[in-house]
Amino acid sequence: MVERRVTVKNRLGLHARAAAQLVRTASEFQSIVRLERADGSAAADAKSILSVLMLAACCGTELRIMADGVDEERAISALEALFQTGFGESDPQV
Amino acid sequence: MERRWRGLGVSTGIAIGRVLRIHSGAHYIYRAVLDEADVEKELRRFRAAVRLARRQLLAIKGRAERELGPEHAYIFDAHLLMLEDSKLLEEVEAYIKRERVNAEWAVKVVGDRLLAIYAEIKDEYLRERGSDIEDVVRRLLVALSGAGERARKLTEDAIIVAEDLLPSAAAELDFARVRALVADVGGWTSHTAIIARGLGIPAVVGVRDLYRRARTGDLIIVDASRHEVILHPTETTLERYQQLVARQPDLSPLDVSNEPLLTLDGAEITLRANLELPAEYEGVRRYGAQGIGLYRSEFLWSRHNGQPTEEEQYAVYVEIAELAGPYGAMVRLFDVGGDKIKARGAERNPALGLRGIRFCLRHEEILRTQMRAVLRAAARGHLNVVLPMVSDLVEIRRARAILEEERQRLQREGKAFGPVRLGAMIEVPSAVLMAEKLASEADFFSLGTNDLVQYLLAVDRSNDQVAEWFRSLHPAVLRSIHRTLEAARAASIPAVVCGEMAATPAYAVVLVGLGARDLSMTASSIPRVRRTLRHIEVRRAREIALESVGCATADEVEELIRQRLAEAWPELFPPNALPAPKNAQ
Numbered sequence: 001m002v003e004r005r006v007t008v009k010n011r012l013g014l015h016a017r018a019a020a021q022l023v024r025t026a027s028e029f030q031s032i033v034r035l036e037r038a039d040g041s042a043a044a045d046a047k048s049i050l051s052v053l054m055l056a057a058c059c060g061t062e063l064r065i066m067a068d069g070v071d072e073e074r075a076i077s078a079l080e081a082l083f084q085t086g087f088g089e090s091d092p093q094v
Numbered sequence: 001m002e003r004r005w006r007g008l009g010v011s012t013g014i015a016i017g018r019v020l021r022i023h024s025g026a027h028y029i030y031r032a033v034l035d036e037a038d039v040e041k042e043l044r045r046f047r048a049a050v051r052l053a054r055r056q057l058l059a060i061k062g063r064a065e066r067e068l069g070p071e072h073a074y075i076f077d078a079h080l081l082m083l084e085d086s087k088l089l090e091e092v093e094a095y096i097k098r099e100r101v102n103a104e105w106a107v108k109v110v111g112d113r114l115l116a117i118y119a120e121i122k123d124e125y126l127r128e129r130g131s132d133i134e135d136v137v138r139r140l141l142v143a144l145s146g147a148g149e150r151a152r153k154l155t156e157d158a159i160i161v162a163e164d165l166l167p168s169a170a171a172e173l174d175f176a177r178v179r180a181l182v183a184d185v186g187g188w189t190s191h192t193a194i195i196a197r198g199l200g201i202p203a204v205v206g207v208r209d210l211y212r213r214a215r216t217g218d219l220i221i222v223d224a225s226r227h228e229v230i231l232h233p234t235e236t237t238l239e240r241y242q243q244l245v246a247r248q249p250d251l252s253p254l255d256v257s258n259e260p261l262l263t264l265d266g267a268e269i270t271l272r273a274n275l276e277l278p279a280e281y282e283g284v285r286r287y288g289a290q291g292i293g294l295y296r297s298e299f300l301w302s303r304h305n306g307q308p309t310e311e312e313q314y315a316v317y318v319e320i321a322e323l324a325g326p327y328g329a330m331v332r333l334f335d336v337g338g339d340k341i342k343a344r345g346a347e348r349n350p351a352l353g354l355r356g357i358r359f360c361l362r363h364e365e366i367l368r369t370q371m372r373a374v375l376r377a378a379a380r381g382h383l384n385v386v387l388p389m390v391s392d393l394v395e396i397r398r399a400r401a402i403l404e405e406e407r408q409r410l411q412r413e414g415k416a417f418g419p420v421r422l423g424a425m426i427e428v429p430s431a432v433l434m435a436e437k438l439a440s441e442a443d444f445f446s447l448g449t450n451d452l453v454q455y456l457l458a459v460d461r462s463n464d465q466v467a468e469w470f471r472s473l474h475p476a477v478l479r480s481i482h483r484t485l486e487a488a489r490a491a492s493i494p495a496v497v498c499g500e501m502a503a504t505p506a507y508a509v510v511l512v513g514l515g516a517r518d519l520s521m522t523a524s525s526i527p528r529v530r531r532t533l534r535h536i537e538v539r540r541a542r543e544i545a546l547e548s549v550g551c552a553t554a555d556e557v558e559e560l561i562r563q564r565l566a567e568a569w570p571e572l573f574p575p576n577a578l579p580a581p582k583n584a585q
């Protein structure tokens with residue numbers, strides 16, 4: 001099993017769009033992927049959007065990603081990249 | 001009997017029509033206990049409903065992508081994932097088996113449990129997303145009831161009334177025929193509001209209890225400008241509103257002709273369209289815009305989920321150039337923040353951070369790619385670029401050098417390209433103060449009044465706490481606009497005023513009085529502004545504008561303009577026709 005710490009950086013947090021991206025990405029891998037609040041107060045199955053949304057991870061939340069399985073390294077890197085790029089979001093400035 | 005509701009107008013305009021109620025979920029769900037033998041059948045019925053809901057969602061998603069852009073379609077991707085989510089499906093199936101109940105009841109119970117957990121979430125934005133779960137649950141219940149979502153048969157004068165217009169219901173509507181939207185709940189940023197503004201139709205939200213009282217077919221008036229909804233209007237009310245509507249944009253072919261717009265004393269005024277979403281393209285043609293005064297190219301980032309390639313941009317810019325025709329289009333360079341590209345900590349103050357031209361110059365490759373795409377597309381039509389958030393002359397010089405280098409590179413590569421002029425957005429106080437110098441090196445000015453007000457008055461537009469300080473008619477704003485337009489005139493360069501201020505007829509008159517001859521706005525506002533400007537004299541507008549520049553406060557300006565416009569053109573500006581002061585809401 002591998003584990004990484006990440007911080008939610010996008011302004012709106014893990015809302016529907018970001019969560020959808022996360023779930024789509026996690027589902028590409030065979031490994032079991034879990035997310036956990038760094039303080040251990042809640043955990044989620046990264047392949048379930050409802051579960052991810054229930055984490056209520058707003059901007060600034062620290063999370064642990066844990067992957068366990070044959071492709072765990074690739075899975076965890078892919079997810080880490082999503083967090084680092086803030087899910088490709090921008091603040092709309094009209 | 002006539003009844004009035006006050007809500008929040010989230011777009012502008014007035015519509016008269018017939019109520020069409022859209023059901024948004026509160027079905028009466030019954031509980032039925034099944035025989036052991038029927039449980040398997042019930043599970044199959046549930047799975048079939050899931051498949052049906054899934055097909056509907058895929059269709060809606062495709063439609064939303066085409067008509068509103070991917071930024072509005074992503075939500076349906078989340079809905080699709082919820083439909084596949086084991087947390088929902090397995091729990092519903094388990095509940096059916098364990099309790100031996102009908103699928104409707106199981107969906108309701110499991111859905112309510114999920115929603116209850118959601119309601120506990122502290123972050124407001126995330127908590128509001130509970131409406132997505134509600135939407136999916138509702139869709140499943142409708143699918144279970146056998147009928148697919150009935151195609152919405154809309155009459156020509158349909159006014160949608162809903163408790164809460166859920167995203168998928170909104171996307172299923174036949175937009176072309178909807179006259180107005182009304183919802184019991186929602187705010188300025190709700191989906192209903194965004195869609196209404198994109199379509200240029202009136203919408204009022206937060207109209208408590210209207211849904212319960214209105215019946216499909218009832219006569220209703222929606223006045224978004226005055227934040228009001230009137231059900232069962234009396235004859236008198238109806239007549240008064242019919243007159244008001246008659247004074248609204250006349251969409252007859254005569255009114256949208258591309259003939260030059262002349263004021264009564266013969267000044268020619270150009271009205272262009274601001275553009276962002278593909279759904280707005282149609283409006284550019286329909287409302288007779290003279291080209292595109294502002295294309296917000298950063299939309300392409302959300303469409304492509306990151307930086308668009310040169311070819312992707314090229315294709316869009318060619319399309320924009322064709323749409324704009326002989327009047328041309330001003331492509332504003334990506335006005336994005338640093339968060340688009342790097343995993344850097346969120347900026348503490350993005351409005352004052354790395355955005356606009358600063359971002360473009362910091363990420364020069366992105367800028368070069370965009371310049372190349374515009375130069376190439378300019379071979380197929382008239383295109384110009386505008387630099388967002390210019391605060392220093394050096395930025396114009398650097399951008400021009402890069403434009404020139406890319407032009408030469410295309411020439412060496414033997415690729416076709418066309419002439420591209422380089423304009424500067426004037427929206428930062430330093431640019432206003434230095435306007436004479438900037439005018440000597442920019443090919444044209446583009447005045448972004450929204451940001452100008454924000455930066456000049458130090459008011460965050462998205463912060464409700466300071467909303468009353470956001471005054472478009474503050475004397476400091478009028479002086480800045482006046483000064484900028486004078487600088488452009490002295491340097492003989494064109495200046496387009498492209499903030500939403502231009503979309504309100506009364507403000508448009510003031511802008512013309514300050515010297516503006518070229519205005520750009522949401523396409524649907526063009527006919528209304530054209531109709532007004534055609535009936536005024538620039539000479540008088542100028543007297544009024546110059547008088548208002550001398551006022552001491554925004555209140556004074558608003559009162560002065562209200563009075564003077566009514567005196568000068570009583571038929572255009574009857575006492576109630578002017579926008580209520582912001583504070584009066």
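Heads up: the sequence lines are chains L and W, in that order. According to full-length UniProt numbering, the first sequence is numbered sequentially starting from 1. According to full-length UniProt numbering, the second sequence is numbered sequentially starting from 1. All C-beta atoms, glycine included, are put in the ideal place defined by N, C-alpha and C.
- Listed in chain order, the positions of the segment 13-41 of chain L with a beta carbon within less than 8 angstroms of a beta carbon of chain W are GLY13, LEU14, HIS15, ALA16, ARG17, ALA19, ALA20, VAL23, ARG24.
- Residues of chain L with a Cβ closer than 7 angstroms to the Cβ of ASP77(W) are, in chain order, ALA20.
- Between ALA180(W) and ALA203(W) the beta-carbon gap is near 6 angstroms, inside 8 angstroms, which marks them as a contact.
- Under the three-pair Cβ rule at 8 angstroms, the segment 258-277 of chain W counts as touching the segment 529-539 of chain W.
- Within chain W, the C-beta atoms nearer than 9 angstroms to that of ALA56(L) come from TYR118, GLU120, ILE121, LYS122, ASP123, LEU126, ARG127, in chain order.
- For GLY88(L), the chain W residues whose C-beta falls within less than 7 angstroms of its own C-beta are ASN305, GLY306, listed in chain order.
- Secondary structure at ASP45(L): strand, using DSSP grouped into helix, strand and coil.
- By the Cβ neighbour-count rule, ARG5(L) is exposed, with fewer than 16 other Cβ atoms within 10 Å of its own.
- Around TYR74(W), the beta-carbon contacts reaching into chain L at under 9 angstroms are ALA16, ARG17, ALA20, GLN21.
- Annotation for PHE334(W): no alpha helix (DSSP H) segment contains it, and DSSP assigns it neither H nor E.
- Counting along the chain, the unbroken beta strand (DSSP E) around ILE16(W) starts and ends at 14-22.
- For ASP223(W), no alpha helix (DSSP H) run applies; the uninterrupted beta strand (DSSP E) run containing it begins and ends at 219-223, by DSSP.
- In its chain, beyond the 5 residues on either side, GLY513 have a beta carbon closer than 6 angstroms to the beta carbon of ARG542(W).
- When DSSP states are grouped into helix, strand and coil, PHE417(W) belongs to the coil group.
- Taking every protein chain shown into account, the CB of GLY550(W) has fewer than 16 other CB atoms within 10 angstroms, so this residue is exposed.
- In its chain, beyond the 5 residues on either side, PHE76, HIS79, LEU80, LEU83, ARG139, SER168 have a beta carbon closer than 8 angstroms to the beta carbon of LEU57(W).
- By the Cβ neighbour-count rule, LEU433(W) is exposed, with fewer than 16 other Cβ atoms within 10 Å of its own.
- Around the C-beta of VAL107(W), 16 or more other C-beta atoms lie within 10 Å, and the residue is accordingly described as buried.
- Contact between VAL453(W) and VAL477(W) holds: their C-beta atoms lie close to 6 angstroms from each other, under 8 angstroms.
- Between LEU82(L) and LEU22(L), the gap from beta carbon to beta carbon is short of 8 angstroms.
- THR236(W) and PHE359(W) have their C-alpha atoms spaced approximately 56 angstroms apart.
- Along the length of the segment 453-535 of chain W, whole alpha helix (DSSP H) runs at least 4 residues long occupy 475-490, 505-513, 526-533, reported in chain order.
- Under the Cβ criterion of 8 angstroms, LEU478(W) is not counted among the residues facing chain L.
- The CB of LEU50(L) comes closer than 8 angstroms to the CB of MET82, ASP85, LYS87, LEU88, LEU114, ILE133 in chain W, given here in chain order.
- The DSSP assignment places 364-377 as complete runs of the alpha helix (DSSP H) inside the segment 363-402 of chain W, in order along the chain (cut-off: 4 residues).
- Annotated as distal: ARG17(L) and TYR95(W), with beta-carbon spacing of 8 angstroms or more.
- Non-local beta-carbon contacts of VAL110(W) in its own chain, meaning distances under 7 angstroms to residues more than five positions away in sequence, involve LEU88, GLU91, VAL92, TYR95 in chain order.
- By a beta-carbon distance limit of 8 angstroms, ILE201(W) does not contact ARG4(W). Their separation comes to about 20 angstroms.
- For TRP5(W), the enclosing beta strand (DSSP E) covers residues 3-6.
- Residue environment for PRO308(W): buried (at least 16 other C-beta atoms within 10 angstroms of its C-beta).
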